[in-house]
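Asks:
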Amino acid sequence: MSKPSAVGSSRPKSTSDVTAVLTTKDRLATWQHSVAVKHWRFALSGLVTAIAAGAVGLNIGLVSLWERQTQSLYFELRGPVTAPENVVILAIDEDSLSQGQYYSEDPERYESLQLIESWPWQRQAYAKAITRLMESGARAVAIDVTFPSPSYYGDEDDDALAEVIEKYGDRIVLAADYSSQEIAQGSLSRPSLPLAKFRDAGAQVGLINFHKEHNQQIHRLGQAYIRDQIENEAHLWDAAATVKDVPEPPLLSFAQATLNAADTTYNTSPKENIFFYGPHKTFKHIPFWHVLDDDPWKNKLEGSDLFQDKMVLIGTTAAVHRDFHASPFSDSRLYPTPMSGVEILANTVATLENDLSPQQLVKSPLLNALIILAMGLTVAGLMNRTQKPLIRALVACGSVGLWAVVSYAAFVGGQIVLISGTPILALLSIGFLDFGAGFTVDRFKRKRLRTTLARYATSPLVQEIISQQDDFQDLLDINRADLIGTLLCDRYRITKVLGAGGFGETYLAQDTLRPGNPVCVVKQLKIVSDNPKAHRLARRLFEAEAVVLGQLGEHYQIPRLLAYFEVRESFYLVQEMIEGSLLRNLISRGRPLSQRAVVRLLKDLLPVISFVHSHGVIHRDIKPSNIILRSVDSRYVLIDFGAVKTITNKLADSNTQVTATVGIGTQGYMPSEQSAGMPTVRSDIYALGITAIEALTGRPPHALKRSDNGEIIWSHTIADISPALSGIINKMVRYDFNNRYHSAQSVMEDLAQLDETQLADDSLANSSRFSPASDATFNQGSRPGVIDTDEALEATKIWPTDWPNESQTESEAEPEDTDSSK
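The numbers in the sequence shown follow UniProt numbering, run straight up by one, and end at 822.
1. Note down, one range per segment and in chain order, each beta strand (DSSP E) of at least 3 residues found wholly within the region 261-295.
2. Under 8 Å, do Gly-315 and Val-145 count as touching if we go by C-beta distance?
3. Just verifying my parser: in three-state terms, what is the DSSP assignment at Thr-680?
4. Would you report the Cα separation of Asn-215 and Gly-303, rounded to the nearest angstrom?
5. Taking the alpha carbon of Gln-387 as the reference point, which residue from Pro-328, Leu-541, Phe-439, Ser-96 has its own alpha carbon closest?
6. Give me whichever residues DSSP pairs with Ala-176 in a beta bridge.
7. Can you name, in chain order, every residue of its own chain whose Cβ lies under 6 Å from the Cβ of Leu-622, other than the five neighbours on each side?
8. Between which two residues does the alpha helix (DSSP H) harbouring Gln-667 extend?
9. Check for me: the alpha helix (DSSP H) holding Asp-539 runs from which residue to which?
10. Three or more beta-carbon pairs under 8 Å between the region 157-175 and the region 322-337, yes or no?
11. Are there three or more Cβ pairs, one per stretch, closer than 8 Å when the region 415-430 is compared with the region 62-78?
12. Just tell me which of Glu-756, His-285, Tyr-74 has its CA closest to the CA of Arg-596.
13. Between Ala-55 and the rest of its own chain, which residues show a CB-CB distance below 6 Å, the 5 nearest in sequence each way excluded?
14. Let me confirm a value: Phe-444 is counted as buried when at least 16 other C-beta atoms fall within 10 Å, else exposed. Which label applies?
15. I'd like the list of long-range same chain contacts for Gln-758, defined as Cβ closer than 8 Å, with 5 residues on each side in sequence excluded.
16. Would you grab the beta carbon distance between Val-291 and Leu-133 for me? Rounded to a whole angstrom, and I think it's under 8 Å.
17. What residue range is occupied by the uninterrupted alpha helix (DSSP H) comprising Gln-71?
18. Does Asp-621 come out as helix, strand or coil in the three-state DSSP assignment?
19. Along the chain, where does the alpha helix (DSSP H) containing Arg-392 start, and where does it finish?
20. For Leu-483, which three-state DSSP category applies?
21. Taking the alpha-carbon positions, what's the Arg-392 to Leu-373 distance?
22. Report all residues from its chain with a CB closer than 8 Å to the CB of Ala-346; omit the five preceding and five following residues, and keep chain order.
23. Quickly, what does DSSP pair Cys-520 with across the bridge? List them, please.
24. Does the Cβ-Cβ distance between Ala-409 and Phe-42 come in under 8 Å?
25. Which same chain residues end up closer than 6 Å to Lys-310 when comparing Cβ atoms and leaving out the 5 residues on each side of it in sequence?
26. Beta-carbon separation of Ala-557 and Val-608 under 8 Å?
27. Alpha carbon to alpha carbon, how far is Ala-326 from Ile-286?
28. Within 10 Å of its beta-carbon, does Asn-714 have 16 or more other beta-carbons around it, so buried, or fewer, so exposed?
29. Consult DSSP for Phe-770 and reduce its assignment to one of helix, strand or coil.
30. Taking 8 Å as the threshold (C-beta atoms), are Thr-697 and Tyr-669 in contact?
31. For Tyr-492, list the residues DSSP reports as bridge partners.
32. Would you grab the beta carbon distance between Ser-45 and Asp-640 for me? Rounded to a whole angstrom, and I think it's under 8 Å.
33. Start and end of the beta strand (DSSP E) containing Val-141?
34. Between the Cα of Asp-95 and those of Gly-57, Arg-630, Trp-289, Thr-506, spot the shortest distance and give me the residue it belongs to.
35. Using C-beta distances below 6 Å, list every residue in its chain close to Val-141, excluding the 5 sequence neighbours before and after it, in chain order.
36. Between Met-375 and the rest of its own chain, which residues show a CB-CB distance below 6 Å, the 5 nearest in sequence each way excluded?
Spelled out as C-alpha cells, the structure:
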C-alpha cells in the first residue's frame, strides 16, 4: 500500500521559504561575535596574565619589590625561631653610652669606666673587652666598628689594640666597608679597611656592606654584595691600576670572616639570602659596659660559661648611632621595632653556619614568566567554564590561596624560594577585574533594562517582570504613586494601593457617587496577552465570575460585590470593605484558640460554606488568611473566592492543546484530590478542618505530623481535648475524601450534638488580640500575581495536571466545578 503524499508537498517554494546560505565571511563574523560574547572575560584574564608574565620575563624592579615584600611577609608570618646559642651580641647600647657620666662624677670609684667616658670610645676599651672575652673561652670576637684612621686618643691607644690583636691573631675580626672613588672612567667603589697596623697584627677583615633591594630592605648575604662589586669593577680595573692597596685576594664578608676566625666549617658554595631568625633581641644581648666594669664582670660574667665557645659580635644598638636597617622583622606592622646592623650580621653568621640560606628554585626570569603564564591561563580557563560570579570568584580566590600556601610552605619548611608575590598579585587582579567587569556589565545591562521597563511600566507583561525583581520594585512604587487620585469609571477614586503583581492590583477607593464617599475595595485584573481571543475569553469569564460573586455576596458573611466594569482592557471588581482582623493574625503557637472558640468558628463558617456550595461554587482556598473576624459584630467573614486567579489560570491555559483541569489552592490546606485538579465540596471541608487544627494547636500545616496512611496526628498536642470534637475534626480532614463528611450540613449536625459547656472556656474571646488589626483591615484577598514567602503560610498556588476532570460529581451537595465556580 503506497503512502499518501505529504500535504502541500506539490506547492512550489516561495521566496520566503528559501533559507539563506551563510557565506564564509558571515560564518567568520558570527564566530567572532560568539567568541567575543562568551570569552571576553577570558581574554581580559589572559591580558592580565601576559602583562604579569612579561614583567617577570623582563625582570623589572617592580617584580623584585613584590617578591621581596612577600618573603618578608612569610618570615613575619612564620614568627621568630630560637637563635643559635653560640652567637652572642656584646651591645653598645644606651646604657653603656651613659656609663661615662658615672666616671665624670666619681673618677676614683668608677676608674674602669674611664675608657668609655665619651664617644668615640678609646680603642683600649675594645682591647680590654677582647682580652676578657678570650680569657672566658670565646672562640672569636668580631667588632662591627670601623677603624679606618688613627685613634683620636693618640698612638698609644692604637698600639694597645694592636697588641691585643697580635696576641689573639686571626681570632679577631675587624669591620670594613666600601666607599666610592671617582676616576675618569666612572665611580670606583673601594673598601675602607682598618688601619694597616691592625691588619698586620693578624686580624681578619670582613665587609659589612649589604645590598638594599627594591623594597629598601636587606635580604641578601654580604658575599652577594662583594660578587656584584667585583663584576661591576671588572671593566674599570685597568684604569684603576694606579690605585694603591687593591685587596688581593678579595675580601670576605663579615659572616665569612667571623666563621673563619672561629675555625668553624661551613658550606662555601654560593649563597644568596639571609635566614632571619626573628626580630630585635632574638640573639642574646649583653651590655658592653658589663665586660669593662669590674663589678658586673666579676660577680656575673667572669665565672660563667656565657662566652665559652661562643662567637661574640660587638656592635652598636643605640638609637643615637642610627645604625638601623630595614629588613624582615624590622619597622613593619607586625614588628615595629627596628633591627640594628650588628643583629643583621648575627643573622648572617647563623645562616652560613647552619646552611639555612633560602635558595631560589627557578632563577631564570624567562622560565618564571612561563610558569606565571601557564598558571594564569589555567585559572582563567577554569573561571571561563562557568558564568556564575560566585563560582568564578571562588576559583580565583582558591587559586590565590593554594599558591600562597604552597609557596609559604616551601619557603618556611624547605628554605626554597618560589616566585610568589607576582603570581598572587596577578591572580588577585584576574579575580577583581573579572568580578568588576562582570559587575559593571551587569549593572549596565540592568540599567538599560530598567530604562526599558520604566518606559513601558504600564504594560501588564512588564509589570509581571518587575514584580519578580526586587531591585525594580520602586518602578512599581512610582507607578502606584501616580495611581493615587485616579478616578476609575468616573466614580471610584483610588486612595491607596493595597497590593500589586504581574496580573493585577488591589486598591482602596472612595465611591464618589454615594453619600459620604464610602470606602470600598477594587480588584483589577490585567490581561497579559495581545491576542484578541484571549481578551474575548477573559471578558466572558470575568462576567460569569462577577455574576457568581454577586450572588454569593447576598450572604452577610461574604463581602458584597458592588460593581464590575472594564476600562482599557483591564477588568475591575468592586467589593464591600470588611473591617476586622485576619484569623491568621489571631493564631499564634504561644496562645492558640480554645476548644470552645474553635467550635464557634466552625459553627460560624459552616453555614457560609454550605451557602457557597448551594450556588455550585467551591471556594478551594479556605485558610486563616482568607477569614476575617469582623469588628462590628465579631462574626467570621469568608473572603477571596479566587475570581482573579481563576480567570488568570484560564488565560494561561488558553493556548494549550491538552484539556486539563487546573488545581488552585494553598499547599497544606489543599487535599490530594484538589491538587490533582479534581476538587469537590469535601475539599473545602478538609481546608476548614485544617484551619481548625491550626487554630487549636497554633501550628501551621507543614509542622503537623502524618501517619503512614496519610492521616494527620495532632490531638495529642492539646491537653484535655474533647474526644467528640477531635473525632469531628479528624473526619473533616481524612486523607481519603470518601471518608470525610459529604457536606457542610452533616458537619453542622454533628457539632450540634456537642455540649459546649464541657469544652474549655473561650478565654480568648475578650482578648485584645480580637480587636481589628490595622495591617489586616483591608486585606480581603490574595494579592494578584504575588506569592507570599512566609514559611508558616504557603501562598495560593496553581497546580496544573493532565488528569481530565471527567468524574461524575456528587449530587446537589457536591455541585460540578464549573468555570464560573472557580
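Cβ atoms here follow ideal geometry from the backbone N, Cα and C, with glycine treated the same way.
This one's a predicted model, so the numbers in the text were calculated from it and none came from an experiment.
Replies: To lay it out plainly:
1. Listed in chain order, they are 284-287.
2. Residue numbering aside, residue 315 sits at position 315 when the sequence shown is read from its first letter. Residue numbering aside, residue 145 sits at position 145 when the sequence shown is read from its first letter. Contact flag set, yes.
3. Position 680 of the sequence shown holds residue 680. If DSSP states are grouped into helix, strand and coil, Thr-680 belongs with coil.
4. Here residue 215 refers to the residue found at position 215 when the sequence shown is read from its first residue. Here residue 303 refers to the residue found at position 303 when the sequence shown is read from its first residue. C-alpha of Asn-215 to C-alpha of Gly-303: approximately 46 Å in a straight line.
5. Locating residue 387 in the sequence shown gives position 387, counting from the first residue. Among Pro-328, Leu-541, Phe-439, Ser-96, the Cα nearest to that of Gln-387 belongs to Phe-439.
6. Translated into the one-based positions of the sequence shown, residue 176 becomes position 176. Answer is Leu-207.
7. Translated into positions along the sequence shown, residue 622 becomes position 622. Looking at the sequence shown, residue 622 is not Leu but Ile. Taken in chain order, the residues that qualify are Asp-684, Ala-687, Leu-688.
8. Taking the sequence shown and counting its residues from 1, one reaches residue 667 at position 667. Looking at the DSSP string, Gln-667 is not in any alpha helix (DSSP H), and its letter there is neither H nor E.
9. Locating residue 539 in the sequence shown gives position 539, counting from the first residue. With the sequence shown as reference, residue 539 is identified as Arg, and Asp is not the correct amino acid for it. Per DSSP, Arg-539 belongs to the alpha helix (DSSP H) from 532-552.
10. Cβ pair count under 8 Å is below three, so no.
11. Yes: the two stretches touch, three or more of their Cβ pairs being nearer than 8 Å.
12. Taking the sequence shown and counting its residues from 1, the one referred to as residue 596 is at position 596. The residue from Glu-756, His-285, Tyr-74 with its alpha-carbon nearest to that of Arg-596 is Glu-756.
13. Here residue 55 refers to the residue found at position 55 of the sequence shown. These residues qualify, in order along the chain: Val-63.
14. As a first step, residue 444 is located in the sequence shown; it is residue number 444 there, counting from the start. That one is exposed.
15. Working through the sequence shown from its first residue, we reach residue 758 at position 758. Closer than 8 Å at the Cβ level, and outside the excluded window around Gln-758, lie Ser-722.
16. Indexing the sequence shown from 1 puts residue 291 at position 291. Indexing the sequence shown from 1 puts residue 133 at position 133. With a Cβ gap of about 7 Å, Val-291 and Leu-133 count as contacting.
17. The sequence position of residue 71 within the sequence shown is 71, counting from 1. First-last of the alpha helix (DSSP H) with Gln-71: 61-78.
18. As a first step, residue 621 must be located in the sequence shown, where it is residue number 621. Three-state DSSP puts Asp-621 in coil, outside helix and strand.
19. Here the question's residue 392 lines up with position 392 in the sequence shown. Where Arg-392 is concerned, the enclosing alpha helix (DSSP H) stretches over 389-414.
20. For the purposes of this step, residue 483 is taken as residue 483 along the sequence shown, with counting starting at 1. In this structure, DSSP gives Leu-483 a helical state, which the three-state scheme calls helix.
21. One-based indexing of the sequence shown puts residue 392 at position 392. One-based indexing of the sequence shown puts residue 373 at position 373. If I take the Cα positions, the gap works out to 19 Å.
22. Residue 346 sits at position 346 when you count from the first residue of the sequence shown. Correct list, in chain order: Ala-83, Val-87, Ile-89, Phe-283, Leu-313.
23. Translated into positions along the sequence shown, residue 520 becomes position 520. According to DSSP, which records beta bridges pairwise, Cys-520 is partnered with Ala-509, Glu-576.
24. Here residue 409 refers to the residue found at position 409 of the sequence shown. Here residue 42 refers to the residue found at position 42 of the sequence shown. Taking 8 Å as the Cβ cut-off, Ala-409 and Phe-42 do not qualify as a contacting pair.
25. The residue labelled residue 310 in the question sits at position 310 within the sequence shown. Answer for Lys-310: Asn-86, Val-88, Ala-138, listed in chain order.
26. Sequence index remark: in the sequence shown, residue 557 carries index 557 (1-based). Sequence index remark: in the sequence shown, residue 608 carries index 608 (1-based). It should be pointed out that residue 557 corresponds to Gln in this sequence rather than to Ala. Yes, they are a contact pair.
27. For this step, residue 326 is matched to residue 326 along the sequence shown. For this step, residue 286 is matched to residue 286 along the sequence shown. The straight-line gap from Cα to Cα measures roughly 23 Å.
28. For the purposes of this step, residue 714 is taken as residue 714 along the sequence shown, with counting starting at 1. Going by the sequence as given, residue 714 is Trp instead of Asn. When all chains shown are included, Trp-714 counts as buried.
29. Taking the first residue of the sequence shown as 1, we reach residue 770 at position 770. With a pLDDT of 38 at Phe-770, under the threshold of 50, the modelled position of this residue cannot be trusted; read the value that follows with caution. Helix.
30. By one-based count along the sequence shown, residue 669 stands at place 669. By one-based count along the sequence shown, residue 697 stands at place 697. The answer is no: Cβ separation not under 8 Å.
31. Reading the sequence shown from its first residue, position 492 is the one you call residue 492. DSSP, once it has assigned bridges, lists Leu-488, Asp-511 as partnering Tyr-492.
32. Locating residue 45 in the sequence shown gives position 45, where the first residue counts as 1. Locating residue 640 in the sequence shown gives position 640, where the first residue counts as 1. Going by Cβ atoms, the distance from Ser-45 to Asp-640 rounds to 54 Å, so no, they are not a contact pair.
33. Position 141 of the sequence shown, counted from the start, is the residue given in the question as residue 141. Val-141 -> beta strand (DSSP E) spans 140-146.
34. Looking up residue 95 in the sequence shown gives position 95. Measuring from the Cα of Asp-95, the nearest candidate turns out to be Trp-289.
35. Looking up residue 141 in the sequence shown gives position 141. These residues qualify, in order along the chain: Ile-130, Leu-133, Ile-172, Val-312.
36. In the sequence shown, residue 375 corresponds to position 375, counting from 1. Excluding residues within five positions, the ones whose Cβ falls inside 6 Å are Pro-423.
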